[in-house]
Amino acid sequence: MDDAKRPLLASSPCPYSTQLGKHLDGGRPHRKPVAGRANQLQLVINMISAGLGSGIFALPWSTAGASVIPAISIIGLVLFLNAWTISIVVEAGERYQIFDLGSLLGKLPGSLGRGAQVVCNVILWISTYLCLVSFLVVITDCISVCVDLGAHSREKTIVLSCVLILPLCHLDQKRLSMTSAVTVLATLNVFWHIAACLAQVDIAQPVCLLGFSWGLIAMFSAMMQSVVMQMCVLPMYLELKDRTPEKFRDVTRVSF
Numbered sequence: 003m004d005d006a007k008r009p010l011l012a013s014s015p016c017p018y019s020t021q022l023g024k025h026l027d028g029g030r031p032h033r034k035p036v037a038g039r040a041n042q043l044q045l046v047i048n049m050i051s052a053g054l055g056s057g058i059f060a061l062p063w064s065t066a067g068a069s070v071i072p073a074i075s076i077i078g079l080v081l082f083l084n085a086w087t088i089s090i091v092v093e094a095g096e097r098y099q100i101f102d103l104g105s106l107l108g109k110l111p112g113s114l115g116r117g118a119q120v121v122c123n124v125i126l127w128i129s130t131y132l133c134l135v136s137f138l139v140v141i142t143d144c145i146s147v148c149v150d151l152g153a154h155s156r157e158k159t160i161v162l163s164c165v166l167i168l169p170l171c172h173l174d175q176k177r178l179s180m181t182s183a184v185t186v187l188a189t190l191n192v193f194w195h196i197a198a199c200l201a202q203v204d205i206a207q208p209v210c211l212l213g214f215s216w217g218l219i220a221m222f223s224a225m226m227q228s229v230v231m232q233m234c235v236l237p238m239y240l241e242l243k244d245r246t247p248e249k250f251r252d253v254t255r256v257s258f
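Under this note's numbering, the first residue of the sequence shown is numbered 3, with each subsequent residue one higher.
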C-alpha cells in the first residue's frame, strides 16, 4: 500500500495506535536528510524538564481536593493520553516532514486546515506567553525571599530573569539538555527535602483515600496543564539523531 494512503500508525506496534490518515490529505514529500544531533537521553532530560512547569505547584492542592486514589488514577490517565497524542503527532510529522504543530494541522483538507493552522498558532502564542509570565512570577517570588535588591527589586528581578533566560531559547536540544539536567536535579532536591520534612512530622488525620467531588475536575485540569507539551515535541523530534517515530516513542515512555 502506498505510504500516503496507509492509515497513520496502522502498522505501528505502539499500543496508542490509531487511524488518522483519513483526516489528512496529500502524500509523503521527498524525505529530508536526517540531521539531528541530540541523542535519546538528552531528549529524555529535556522532556522531563518540559513537564516540570509552574503548574506542578498546583498538584498538591488539587490532590487534596480529589482524594488519593482518584488523584493517582487521574495522573496515570493524563500521562497515557499525552503519550498517545504525542505518538500521533510525531507519526504525522514524520509522514509529512513537517515539524511544527500549526503547519501540520494545515495539512487537514480544505479550509479546515487553513483555519486550524491559524487558530492553533494564535492559541500557542497566547498560552506560551502566559506560561512564560507564570515562570517569571514564580522566579521573582522565590528570589525576593532570598535576595534583597533594594528599591524596585521585583522589576529588577524580572529584567534580570529575562536576560538570563532569553539565550536559552536559542539553544539546540543537545545543548539545552545541560540546563534541563540542572532543572531536573533541582526538582529532585525539592522532592527530597519535602520527603525529609514529611518523615519528621505526623500526617494530618483523617486522609481521604477515595472520594468523588468537583475536585476531580480541578485535578484533571491541573495535571493536563502541567504536562501538556504537544507543541514542543515536533521540534524536539526534528533534532533527534537518526530520528524515527519508534525511537521518539521510547523517549516518551522513559520521560513519562
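The beta carbon of each residue, even a glycine, is placed where N, CA and C say it ideally should be.
Predicted model, so just to flag it, every value in this text is computed and none were measured.
- A Cβ-Cβ separation of about 6 Å places residue 67 in contact with residue 220 under the 8 Å criterion.
- Between the alpha carbons of residue 86 and residue 155 lies a distance of about 44 Å.
- Between the C-alpha atoms of residue 128 and residue 218 there is a straight-line separation of about 26 Å.
- With a minimum length of 4 residues, the unbroken runs of alpha helix (DSSP H) contained wholly in the stretch 82–135 fall at 103–107.
- Ranked by Cα distance from residue 234, the options 91, 214, 160 are led by 91.
- Contact check for residue 48 against residue 179 passes: the beta carbons are separated by less than 8 Å.
- Our two residues, residue 224 and residue 70, have alpha carbons roughly 15 Å apart in a direct line.
- Under the three-state reduction of DSSP output, residue 40 falls in the strand class.
- Cβ-Cβ separation between residue 55 and residue 133: approximately 7 Å, consistent with a contact (criterion under 8 Å).
- Taking C-alpha positions only, residue 176 is separated from residue 135 by approximately 26 Å.
- Around the beta carbon of residue 240, a 10 Å sphere encloses 16 or more other beta carbons of the protein chains shown; the residue is thus reported as buried.
- When secondary structure is reduced to three states using DSSP, residue 211 falls in the coil class, being assigned neither helix nor strand.
- Judged by DSSP secondary structure, residue 156 falls within the alpha helix (DSSP H) whose first and last residues are 155–167.
- Of the candidates 125, 160, 211, 118, 160 places its Cα closest to the Cα of residue 141.
- Spatial neighbours of residue 72 in its own chain (CB-CB distance under 8 Å, excluding positions within 5 residues in sequence) are listed in chain order as 212, 213, 214, 218, 221.
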